[in-house]
DNA sequence: CCTTTTTAGTTAATCGATTTACTTAACTTG
DNA sequence: CAAGTTAAGTAAATCGATTAACTAAAAAGG
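Protein chains in written order, with my numbering: chain R, 164 to 495; chain G, 164 to 495.
Have a look at this one:
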């Protein structure tokens, strides 16, 4: 049977206020009443209704986690990190996947706001998120994760250092003599892609090499998308000697297609992937990857959200550095 | 500024009841007032507070999704399917990962119950979930997903047909002459594992072959766990000619280790994996897998939860059939 | 011993919606 | 035109907690 605090109070012959104080330890209650109340609570296995509590306290111990591309191994690990941290801190996470649909993103934020979540961790879609200003101006805590939106100022951010990611991977290939390096990416107009390409460009510049726009190919973030993209790119640009692929599924698709085309990796084309997917090490050839720590990004995003909740002035941008994992596919 | 219905009512010179009726269409309101109210609502971008609504309506349009092993590609896709369906039906999903910790599972269900979620989709941990009876007896909608608990009766279930999965994969290997088939699994005492092994046993029986307990090896559900398990199993049982590995990461680890041990697949050992992970096709050799449809399982679980919410008597068990994807690793 | 302070507990307002029961005016209808 | 319906709107109860303000009794202080 569903028990309310009123029922407990009646059974224990006290007021609901007393019951509440016992439960929350907000006032000293005599040993005797304390015990009597606890007994009744245990007897009926009473658990206070959080919705009522939430309404009164104007806080829900729930946060929203809005991702834009799921399932994707990077995002999945990020979710894992955030959920784990949230749990440790006594929070629950509402998971929403906008699937790169920006109008759904906007809608969702309104919905979660109305649901009175204590804050939102948002991996935004490609279209700008300037509409967020009306929320942050109202002190509704939002933290951007993974993807940055440089136009937003009063908002904390947790991302990987994508510029460095692009710079380091390009430098690694350049160092080993590759001058014509192709890039395959999935999502346009997001900071993850844009910054990696910027890093790549600057690495070229450092080596006094020209940037060639047609070495950059877009495709779907799927195995098939990677296969198509690599075919289209390598058919068009025959002199490319190395590839940097910004998405794990696409990397897998690309390798598959290159085998089909009898292109040897790394002999004919060197290859670097992004993200440390489980099979990277046993694929033939094992894939050299540059990785950003998704779990840490997720965990940190939640910590930052908590900071923002506790201090509306908190607006740091935390950028986590990449790591290069050298295996066979780049021939280095 | 945060607006309440009271503010809107005052500004529009009506009662909150009228505002509520306009918003919900629960009573006919004159054109004139209707427009006046809508205008004020738009002017302030007013969105009704769901927590208050939830408290009053005793429903939250939110469901809990409790998984026990995350991130895991199967579970991830299941989450994807469930979240997508939930969204389509106007629900949000609270995602919780119990990490195979049964006491945390119990705690979480109490918590979500108190949060007044409309129902829960639960992928239970290994330890029995008989404590669920007190919830289902109270008509709190819970559906079991992925893992079955046969001791629970008044509860709907959505699972893959794991018996058939074990039977079909064993039969496939037996048909091609393998008589000593090893199994590597991750989690004990869950229906997914138990039923697959039962199916495997029955397939052996059909071929009049004995079941050998020591062909069954357990390990951690990780790449490293798979590597260790395969080493331990193949060192102990030298005459095994085929392996069936029930987890994708372990499959990857096992292949990696077998390469290290200079065991050729499928020449020395044939191999079948479970679940259609992205890299299966480009791993060397491409992995033959038997798969159950995780996205469909997740989606169906949410549909079933909705059925259960609308009809407390709904207690079907939906079991989805496996598909065999033949590639090189089993040599068939 | 009287005043002040502290302690233990309660009453009632509050959070922000929904909804039942009621009122008043307008409209039918025989 | 009196009686019965219907329509449009509102007041107030309600959902189930928390908590400010209050009270009464006990303890402390002078």
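For glycine and all other residues, C-beta sits at the position ideal for the given N, C-alpha and C.
- Residue 309/R is positioned such that its CB atom lies no closer than 8 Å to that of residue 204/R.
- Only 208, 210, 211, 212 and 213 from the stretch 202-213 of chain G bring a Cβ to less than 9 Å from some Cβ of chain R.
- Chain-ordered listing is empty here: chain G has no CB closer than 9 Å to the CB of residue 198/R, the nearest sitting near 22 Å.
- Two segments are said to touch when three or more pairs of C-beta atoms, one from each, lie closer than 8 Å; by this definition the stretch 418-427 of chain R touches the stretch 380-398 of chain R.
- By the criterion of at least three beta-carbon pairs nearer than 8 Å, the stretch 358-366 of chain G is not in contact with the stretch 234-244 of chain G.
- Residues of chain G whose Cβ lies closer than 7 Å to the Cβ of residue 258/R are, in chain order, 246, 256 and 258.
- Listed by position along chain G, the residues whose Cβ is nearer than 8 Å to that of residue 284/R form an empty set, because the closest Cβ is around 13 Å away.
- For residue 442/G, at least one C-beta of chain R is nearer than 8 Å to its own C-beta.
- Looking from the CA of residue 283/G, the closest CA among 435/G, 317/G, 225/G and 291/G belongs to 225/G.
- Shown in chain order are the members of the stretch 374-391 of chain G whose Cβ falls below 8 Å from a Cβ of chain R: 386.
- Per DSSP, reduced to three states, the secondary structure at residue 176/R is coil, with no helix or strand assignment.
- Two segments are said to touch when three or more pairs of C-beta atoms, one from each, lie closer than 8 Å; by this definition the stretch 446-463 of chain G touches the stretch 476-486 of chain G.
- By the Cβ test, the stretch 296-316 of chain R is not in contact with the stretch 326-343 of chain R, since fewer than three Cβ pairs between them sit closer than 8 Å.
- Between residue 287/G and chain R, the shortest Cβ-Cβ separation is not below 8 Å.
- Closest in C-alpha terms to residue 415/R, from the list 315/R, 400/R, 447/R and 396/R, comes 447/R.
- Taking 3 residues as the shortest admissible run, the stretch 300-328 of chain R contains the following complete beta strand (DSSP E) segments, listed from N- to C-terminal end: 305-308 and 320-323.
- A direct Cα-to-Cα measurement between residue 493/G and residue 408/G gives close to 12 Å.
- Assignment of residue 426/R by DSSP, reduced to helix, strand and coil, places it in the coil class.
- DSSP, reduced to helix, strand and coil, places residue 445/R outside both helices and strands of the structure shown, so it counts as coil.
- If you check the CB distance, residue 411/R and residue 236/R come in under 8 Å.
- DSSP places residue 260/G in the strand class (E or B) of the three-state scheme.
- What residue 233/R touches in chain G, judged by beta-carbon distance under 7 Å, is 243, going in chain order.
- 8 Å or more divides the Cβ of residue 490/R from the Cβ of residue 454/R.
- Contact annotation: residue 288/R and residue 318/R have beta-carbon atoms that are not nearer than 8 Å.
- DSSP, read as helix, strand or coil, puts residue 289/G in coil.
- With a 10 Å radius around the Cβ and a threshold of 16 neighbouring Cβ atoms, residue 180/R comes out exposed.
- Relative to the Cα of residue 437/R, the nearest Cα in the group 430/R, 452/R and 426/R belongs to 452/R.
- Judged by DSSP in its simplified three-state form, residue 380/G adopts strand.
- Distances from the CA of residue 207/G to each of 164/G, 182/G and 216/G were compared; the closest alpha carbon is that of 164/G.
- A Cβ-Cβ distance of about 12 Å is found for the pair residue 190/R and residue 177/R, leaving them out of contact under the 8 Å criterion.
- Taking the Cα positions, residue 210/G is about 58 Å away from residue 427/R.
- Excluding the 5 residues flanking it on each side, residue 258/R has same chain C-beta neighbours closer than 7 Å at 228 and 242, in chain order.
- Straight through space, the alpha carbons of residue 295/G and residue 345/R are spaced by roughly 55 Å.
- Residue 371/R and residue 425/R have their C-alpha atoms roughly 32 Å apart.
- Any Cβ of chain G closer than 8 Å to the Cβ of residue 240/R would place that residue at the interface, and such an atom is present.
- Taking every protein chain shown into account, the CB of residue 354/R has 16 or more other CB atoms within 10 angstroms, so this residue is buried.
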